[in-house]
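Read the structure below first, then the notes.
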Amino acid sequence: MSPSLLVMLTLMVFPLLTSVWLSMQYMTFRNINEPEFVGLANYVAVFEDLKFWNAFSFTMTYIAITVPMYISTGFLIAVLLDQVSRRIRGIYIAAFLMPFIVVPVVGTLMVKQLFESGGLVAWAYRAIIGSRFILTEQSVKSLIIIHALWAATPFPLIVFFAGLQTLPDELVEASMIDGATRLRQVRHIMIPHLRSLFVFVGLISIMDAYRVFDSVFVLTEQNPIYKAEVMMLYTFRTAMSVQRLGKANAMSVITVVMILVVLVPFLLRTYKEQTEER
Amino acid sequence: MKRIENRYALAFVYLLLTCYALFSVIPFFWTTIQSFKTPRQANSRAPLFIFEPTADNYTDLWLKAIPGDPMLVVIILVAIFGLLVMVAINAKRFPLAPGIIYLAVLAVGFFVLLQIPEYVKTQTFYDYFLNTIIVTAGTICISISIGCLAGYGLARYSGIAGVIILVAALGFRSLPGMSYILPYWWFGQRSGLYDTHILLIITLVAINQPFTIWMLRSFFMNIPKEIEESAMVDGANRLTAFISVIIPIMWPGIISTALFTLLLAYSDFLLVRILTQSNWTLTVAISKYAGGEDPGHITLGAAAAVSAAVPIIIVVFIFQGQLVKGLTSGAVKG
Chain A
1 MSPSLLVMLT
11 LMVFPLLTSV
21 WLSMQYMTFR
31 NINEPEFVGL
41 ANYVAVFEDL
51 KFWNAFSFTM
61 TYIAITVPMY
71 ISTGFLIAVL
81 LDQVSRRIRG
91 IYIAAFLMPF
101 IVVPVVGTLM
111 VKQLFESGGL
121 VAWAYRAIIG
131 SRFILTEQSV
141 KSLIIIHALW
151 AATPFPLIVF
161 FAGLQTLPDE
171 LVEASMIDGA
181 TRLRQVRHIM
191 IPHLRSLFVF
201 VGLISIMDAY
211 RVFDSVFVLT
221 EQNPIYKAEV
231 MMLYTFRTAM
241 SVQRLGKANA
251 MSVITVVMIL
261 VVLVPFLLRT
271 YKEQTEER
Chain B
1001 MKRIENRYAL
1011 AFVYLLLTCY
1021 ALFSVIPFFW
1031 TTIQSFKTPR
1041 QANSRAPLFI
1051 FEPTADNYTD
1061 LWLKAIPGDP
1071 MLVVIILVAI
1081 FGLLVMVAIN
1091 AKRFPLAPGI
1101 IYLAVLAVGF
1111 FVLLQIPEYV
1121 KTQTFYDYFL
1131 NTIIVTAGTI
1141 CISISIGCLA
1151 GYGLARYSGI
1161 AGVIILVAAL
1171 GFRSLPGMSY
1181 ILPYWWFGQR
1191 SGLYDTHILL
1201 IITLVAINQP
1211 FTIWMLRSFF
1221 MNIPKEIEES
1231 AMVDGANRLT
1241 AFISVIIPIM
1251 WPGIISTALF
1261 TLLLAYSDFL
1271 LVRILTQSNW
1281 TLTVAISKYA
1291 GGEDPGHITL
1301 GAAAAVSAAV
1311 PIIIVVFIFQ
1321 GQLVKGLTSG
1331 AVKG
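Sequences listed follow chains A and B, in order. Per my numbering, residue 1 is the first one in the first sequence, and the count goes up by one each step. Per my numbering, residue 1001 is the first one in the second sequence, and the count goes up by one each step.
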């Protein structure tokens, strides 16, 4: 066990500590070898940076809109899929898993193809609304959200579907005899049965949505004009385009501290589960 | 569970499911169609479904110049890879261990791929493809070997420290990538490893390690302790018991974990984008087609997206059983 511990320490803990150290330096691409110590100045700069707070608020909006949306869609589709005969399920599952299997950047590019000039959706848009589909702040933001629904729904869907398979038949049958409607079955039997899965999927989804990068990078074409920057993308630009490495590290330290709000309950929950299992 | 019997209600269920299935699949369908069009056709006012397909986008993407005798090259490549696939399928009939045959097939296949640029003028896109293979294979080998030792140790060790390590690993896995990629970038710049495969592999191993440890541990937990205990009673020490008794039983679990590591390493974008200058992998290379003024970028981008998706779909298709096993075992908590 000790060699793996050593590997983990050097590969993960050490970079995190380095990040904290780098966040207190003034560093551009020119002075990588002799950075200048500036203390907490980078943190002050981040807190005073309006663009950072814009990115923060867009990230929060993104989480608030997409996570409930794809968890409820995933749940709905899982419940419906449960009603379908076994033979046909396989085909549906294969189709549903396609966005999950394909590489995120490729998937984003494929969704974007629909909206390019000459694309299927761009054409439908012109036919229905009458004007050309162009990239604006609004449309780019909606694209990001549509893509999130497309790419992220398979995960809750599969988890909930697997959870529904463990639902005891007797429970459902008993409720049928008592005259429960379908809707009340979902409300009073399925949702309570899946409660712990909802918590699990919810926490994972929030953390994944919080660090979203690939799709936003591709869909905004790195253009800040759309004001659709998420925190990861802004940190990336600060480090790689603006070349303020100290400030970018300060940002990433701040983002890590912020996500602890979700991460700590998640880890405590896992810890409890694991200690009970032993 | 008791199903819906009302015919109209059931039809409605199928309708919703089919709509959602179409929503999932349409981007693939459309991108594939676009990739066989000329830029003019792809930009037509109404979407074209019937047209004369062209392979120009793919040849432009992969080749600098079309070889003098294209059919000959295709026939030779099909013959070599067909032979390799046949050998792999029939590996159990050879007198050697199947594992050795698989490794040999992979090694020969990779060697052939490396040799192709000597005979055919390939584009840089082909180099990115090779980079992807090297980085992915390196990451899988290293993180599986470390992960096996760690996962086995943690599965057999029952103290509280083991749980703390596991939970900490999960925590690292959930952090936003920037927090460790930027330090690795700095480390790469200082050490001169920036833009090399080695740095990419080290970083990818670091990121995937928590995940492989969790997954392999859950597979090791399913193997009863008595198996290696009986081997040790027969005079094997713990290491030989591990290598000669446990690992052979573990193969399905190892393949499952390797498959998820492959998906993670193949798809990583942010990390490769930051840690490389020119030694890109496919994911970074294709992000270049995300936009641009040139009308050709749509069809070329479509061809690039399909080219990057096809290898992963083939791999998933071959190992679909393991994928489902991994997904449903609940081990996928990354």
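Virtual Cβ for every residue (Gly too), placed ideally from N, Cα, C. Note that the structure is a prediction, hence the values are computed from the model and not measured.
Counting only the same chain and skipping the five closest in sequence on each side, list residues whose C-beta sits under 7 Å from that of residue i.
| i | result |
| --- | --- |
| phenylalanine 58 (chain A) | Ala228, Glu229, Val230 |
| phenylalanine 1051 (chain B) | Lys1037, Gln1041 |
| threonine 1139 (chain B) | Ile1201, Leu1204, Val1205, Asn1208, Thr1261, Ala1265 |
| alanine 1331 (chain B) | With a pLDDT of 42 at alanine 1331 (chain B), under the threshold of 50, the predicted position of this residue should be treated as unreliable, though the coordinate-derived value follows. Here the set comprises Trp1214, Met1215, Ser1218. |
| aspartate 1127 (chain B) | none |
| valine 1316 (chain B) | Leu1323 |
| phenylalanine 160 (chain A) | Gly74, Phe75, Ala78, Leu194, Leu197 |
Output needed for residue i: all residues of its chain with C-beta closer than 6 Å, excluding positions within five of it in sequence on either side, in chain order.
| i | result |
| --- | --- |
| glycine 1338 (chain B) | Given that chain B is displayed from residue 1001 to residue 1334, the structure contains no residue 1338 (chain B) and the question cannot be resolved. |
| methionine 232 (chain A) | Arg211, Phe213 |
| phenylalanine 1110 (chain B) | none |
| glutamate 276 (chain A) | none |
| asparagine 1279 (chain B) | Asn1131, Asp1195 |
| threonine 28 (chain A) | Gln243 |
| glycine 163 (chain A) | Leu194, Leu197 |
Taking 8 Å as the CB-CB cut-off, is residue i touching chain A?
| i | result |
| --- | --- |
| glutamine 1322 (chain B) | no |
| alanine 1137 (chain B) | no |
| arginine 1093 (chain B) | no |
| alanine 1097 (chain B) | no |
| isoleucine 1140 (chain B) | no |
| serine 1024 (chain B) | yes |
| glycine 1082 (chain B) | no |
| proline 1047 (chain B) | yes |
| asparagine 1090 (chain B) | no |
| proline 1183 (chain B) | yes |
| asparagine 1222 (chain B) | no |
| isoleucine 1314 (chain B) | no |
| glycine 1371 (chain B) | Any property of residue 1371 (chain B) remains undetermined from this structure, which presents chain B solely from 1001 to 1334. |
| leucine 1300 (chain B) | no |
Hey, is residue i's beta-carbon within less than 8 Å of any beta-carbon in chain B?
| i | result |
| --- | --- |
| arginine 132 (chain A) | no |
| serine 139 (chain A) | no |
| phenylalanine 236 (chain A) | yes |
| aspartate 49 (chain A) | no |
| glycine 118 (chain A) | yes |
| phenylalanine 115 (chain A) | no |
| alanine 78 (chain A) | no |
| tryptophan 150 (chain A) | yes |
| arginine 30 (chain A) | no |
| asparagine 33 (chain A) | yes |
| leucine 263 (chain A) | yes |
| aspartate 178 (chain A) | no |
Within 8 Å of any Cβ in chain C, is that where the Cβ of residue i sits?
| i | result |
| --- | --- |
| arginine 1238 (chain B) | Although the question refers to chain C, the structure presented lacks it and instead comprises the protein chains A and B. |
So the alpha helix (DSSP H) residue i belongs to, where does it begin and stop?
| i | result |
| --- | --- |
| tryptophan 1280 (chain B) | Premise fails: tryptophan 1280 (chain B) is in no alpha helix (DSSP H) and is neither H nor E. |
| phenylalanine 82 (chain A) | Note on residue identity: the sequence assigns aspartate, not phenylalanine, to residue 82 (chain A). Aspartate 82 (chain A) -> alpha helix (DSSP H) spans 50-82. |
| proline 15 (chain A) | 14-22 |
| glutamate 1228 (chain B) | 1225-1233 |
| tyrosine 1058 (chain B) | 1056-1062 |
| isoleucine 1207 (chain B) | 1197-1221 |
| proline 104 (chain A) | 104-115 |
| proline 1248 (chain B) | 1247-1267 |
| threonine 181 (chain A) | No alpha helix (DSSP H) contains threonine 181 (chain A), which DSSP labels as neither H nor E. |
| arginine 1238 (chain B) | 1238-1241 |
| serine 196 (chain A) | 195-210 |
| glutamate 221 (chain A) | Element bounds for glutamate 221 (chain A): n/a, residue is neither H nor E. |
| proline 1098 (chain B) | 1098-1119 |
| proline 99 (chain A) | 86-101 |
| isoleucine 32 (chain A) | Counting along the chain, isoleucine 32 (chain A) falls outside any alpha helix (DSSP H), and DSSP gives it neither H nor E. |
Using C-beta distances below 8 Å, list every residue in its chain close to residue i, excluding the 5 sequence neighbours before and after it, in chain order.
| i | result |
| --- | --- |
| proline 265 (chain A) | Leu203 |
| proline 1053 (chain B) | Phe1036, Lys1037 |
| alanine 1258 (chain B) | Ile1140, Ile1144 |
Can you give me, in chain order, the residues of the region 1264-1280 of chain B that have a beta carbon less than 7 Å from any beta carbon in chain A?
Tyr1266, Ser1267, Phe1269, Leu1270, Ile1274
Near-chain B residues of the region 224-257 of chain A (beta-carbon distance less than 9 Å), N- to C-terminal order
Met231, Met232, Thr235, Phe236, Ala239, Met240, Leu245, Ala248, Asn249, Met251, Ser252, Val253, Thr255, Val256
Every unbroken alpha helix (DSSP H) within the region 1152-1194 of chain B, with a cutoff of 4 residues, ordered by chain
1160-1174, 1178-1191
Counting only Cβ-Cβ distances shorter than 9 Å, please list the residues of the region 1190-1214 of chain B near chain A, keeping chain order.
Arg1190, Ile1202, Thr1203, Val1205, Ala1206, Ile1207, Gln1209, Pro1210, Ile1213
Taking Cβ-Cβ distances below 7 Å as the criterion, which residues of the region 65-98 of chain A are in contact with chain B?
Ile77, Leu80, Leu81, Asp82, Gln83, Val84, Tyr92, Ala95, Phe96, Met98
If contact means a Cβ-Cβ distance below 7 Å, which residues of the region 1051-1083 of chain B contact chain A?
none
Counting only runs that start and end within the region 1033-1058 of chain B, where is the alpha helix (DSSP H) found for 4 or more residues in a row?
1039-1042
Just to confirm the assignment: which complete alpha helix (DSSP H) runs, minimum length 4, are found wholly within the region 126-159 of chain A?
137-152
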